[in-house]
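>
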Amino acid sequence: MGKKVHYPEEVKKKVVQLKLEGNHSNQELMDMFGIKNKSQIKTWMKWFRNGENHRFAQPIGKQYSNGLGPEDDNEVTLLKKKVAYYEMREELLGKVPGNRKEVVPEVFIQIVEAFKHKYKIKAICECFGVAKATYYRWRRKEWGPTVLEEKILEICEGLKFRVGHRMVRDLLRKEHQIKVNRNTVQRIMQKYHVQCRVKPKRQSYIAGESKIVVPNYLERNFHASKPNEKWVTDITYLPYGEKMLYLSTIMDLYNNEILAYSISDNQEKSLVLDTLRKACEGRNVYEVILHSDQGSQYTSYEFQEETKKRGIITSMSRRGNCFDNAVIESFHSQLKSEEFNPLDRGKLDNHTVREKVETYMYYYNYCRPFKKLNCQTPIEFRVMAA
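Okay, so the sequence shown: first residue is 2 according to my numbering, each after it adds one.
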């Protein structure tokens with residue numbers, strides 16, 4: 002860029018006078034006074050027509066429309082400018098997450114884009130101590146996820162967006178030796194829209210005392226100190242295919258492992274008996290406590306005889322009280338929420354429903370970590386404890 006040329010006040014006024022006389026062209030005036038650009042003559046003529054004669058005496062630099070520079074401001078004007086500056090600064094800094102010690106390029110670019118129509122870019126840069134040229138350099142650069150963000154995205158995608166930020170934080174520490182505040186993890190998950198899918202809440206009702214078919218040996222003590230000490234079982238509806246299906250499941254409370262499950266288009270006694278036989282296969286089940294609700298399948302003569310023959314101790318919830326069997330109830334709710342609720346029910350057939358249940362059971366046992374199990378999967382926890 003060439004050096005700016007300063008023209009004396011006398012030259013400017015003389016050029017305007019000669020131009021008004023109409024005897025000289027712009028080119029002749031440029032040659033006569035050594036003016037480099039005809040736009041300069043047009044500017045001087047504009048000042049003259051607008052009555053801005055004070056401008057002829059101003060030096061090189063920014064021209065002020067009121068004829069005054071910043072050094073000529075009175076105390077009231079200076080105070081107003083200072084107040085406006087601090088108001089702008091407070092508004093801008095309020096958009097910076099964390100402790101405001103340092104603003105990262107990506108966040109700074111977002112702030113400038115949001116406020117550039119309200120404040121000058123130069124003023125925004127000055128608030129953060131960032132050079133204007135630096136801002137434009139940052140804006141030209143593509144900003145991708147950081148290493149931490151990539152690890153978080155990897156965990157969330159691997160677990161199909163089914164865990165919350167606390168579990169992700171624990172897995173970062175366990176698998177990648179990365180220690181980070183849970184709020185940071187939550188902010189990154191929100192930024193990339195990978196939060197845990199929350200199931201809808203529903204009204205809960207607690208029933209009163211009812212006649213007990215068999216004793217409730219569990220008494221809501223869902224902790225087991227060893228495998229095959231306490232099992233829980235239940236049946237749930239699968240209203241997702243062209244016909245209603247029913248899922249029967251047995252879980253070991255030691256590590257929340259799903260030991261067996263069966264699916265049928267009816268909820269007869271054969272469904273729970275089939276599940277029980279699968280769970281008992283290859284396991285020592287003598288004196289295992291098997292807890293269920295008071296469904297007719299579990300109170301049936303055939304089921305009670307089958308459990309007695311195998312040395313299993315049956316336990317039952319109070320009638321109508323799902324909280325006495327909360328763990329298996331929660332599992333079934335979780336399965337539906339995570340595997341089926343995001344899908345279009347109209348596009349599923351019964352074969353697809355069965356496949357999805359099978360896929361989820363494998364995921365739950367082999368891939369899903371639990372805080373209760375020190376961020377291990379049910380199978381991993383059982384193997385490590387053996």
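All C-beta atoms, glycine included, are put in the ideal place defined by N, C-alpha and C.
Give me the Cβ distance between Leu254 and Lys231, rounded to the nearest whole Å; I'm assuming they're in contact under 8 Å.
Counting from 1 along the sequence shown, the entry for residue 254 is found at position 253. Counting from 1 along the sequence shown, the entry for residue 231 is found at position 230. That pair is a contact at about 4 Å.
> With a 10 Å radius around its C-beta and 16 neighbouring C-beta atoms as the bar for buried, classify Ala77 as buried or exposed.
Within the sequence shown, numbered from 1, the residue matching residue 77 stands at position 76. Position check: residue 77 holds Val in this sequence, whereas Ala was assumed. Answer is exposed; the Cβ neighbour count stays below 16.
> Should Asn257 be labelled buried (16 or more other beta-carbon atoms within 10 Å of its own) or exposed?
Position 256 of the sequence shown, counted from the start, is the residue given in the question as residue 257. When all chains shown are included, Asn257 counts as buried.
> Can you tell which of Asp235, Gly242, Ile259 has the C-alpha that lies nearest to the C-alpha of Leu248?
Numbered from 1 along the sequence shown, position 247 holds the residue referred to as residue 248. Of Asp235, Gly242, Ile259, the residue nearest in Cα terms is Asp235.
> Please state if the CB of Glu155 and the CB of Ile189 are separated by a distance shorter than 8 Å.
Indexing the sequence shown from 1 puts residue 189 at position 188. Indexing the sequence shown from 1 puts residue 155 at position 154. Result no, Cβ atoms of Ile189 and Glu155 do not sit closer than 8 Å.
> Assign Glu258 to one of three DSSP states: helix, strand, or coil.
The residue given as residue 258 occupies position 257 in the sequence shown. In the structure shown, Glu258 sits in a strand (DSSP, three-state: E or B).
> What does the Cβ neighbour count give for Asn285, buried or exposed, with the cut at 16 atoms within 10 Å?
Position 284 of the sequence shown, counted from the start, is the residue given in the question as residue 285. Asn285 comes out exposed.
> For Gln377, list the residues DSSP reports as bridge partners.
The residue you call residue 377 lines up with position 376 of the sequence shown. Looking at the DSSP assignment, Gln377 forms a beta bridge with Phe371.
> Helix, strand or coil: how does DSSP classify His7 here?
As a first step, residue 7 must be located in the sequence shown, where it is residue number 6. In the structure shown, His7 sits in coil (DSSP, three-state: anything other than H, G, I, E or B).
> What residues match up with His292 in a beta bridge as DSSP calls it?
Along the sequence shown, one-based indexing puts residue 292 at 291. Paired residue(s): Val233, Ser316.
> Less than 8 Å between the beta carbons of His292 and Val354, yes or no?
Here residue 292 refers to the residue found at position 291 of the sequence shown. Here residue 354 refers to the residue found at position 353 of the sequence shown. No, they are not a contact pair.
> Measuring alpha carbon to alpha carbon, tell me which residue in Arg383, Pro240, Ile179, Glu220 is nearest Glu340.
Stepping through the sequence shown from its first residue, residue 340 is reached at position 339. Here the closest residue by C-alpha is Pro240.
> From Ala387 to Pro379, what does the alpha carbon distance come to, in whole angstroms?
Position 386 of the sequence shown, counting from 1, holds the residue named residue 387. Position 378 of the sequence shown, counting from 1, holds the residue named residue 379. About 12 Å.
> Would you call the stretch 83 to 98 and the stretch 40 to 56 in contact, with 3 or more CB pairs under 8 Å?
The stretch 40 to 56 and the stretch 83 to 98 do not touch, with fewer than three beta-carbon pairs separated by less than 8 Å.
> Run the CB neighbour count on Tyr299, radius 10 Å, all protein chains shown included, and call it buried at 16 or more, exposed below.
In the sequence shown, residue 299 corresponds to position 298, counting from 1. Answer is buried; the Cβ neighbour count reaches 16.
> Give every residue of the same chain whose Cβ lies closer than 6 Å to the Cβ of Arg167, excluding the five residues on either side of it in the sequence, and list them in chain order.
For the purposes of this step, residue 167 is taken as residue 166 along the sequence shown, with counting starting at 1. The residues are Arg183.
> If you reduce the DSSP assignment to three classes, tell me which class Arg383 lands in.
As a working note, residue 383 is residue 382 in the sequence shown. Helix at Arg383.
> Find out if the Cβ-Cβ distance for the pair Ile290, Leu219 is shorter than 8 Å.
The residue given as residue 290 occupies position 289 in the sequence shown. The residue given as residue 219 occupies position 218 in the sequence shown. A contact, by the Cβ cut-off of 8 Å.
> According to DSSP, what are the bridge partners of Tyr247?
Counting from 1 along the sequence shown, the entry for residue 247 is found at position 246. Tyr247 pairs with Tyr238, Ser265.
> Look up Met252 in the DSSP assignment and give the residues it is bridged to.
Taking the first residue of the sequence shown as 1, we reach residue 252 at position 251. In the DSSP output, where bridge partners are listed per residue, Met252 has Val233, Ile259.
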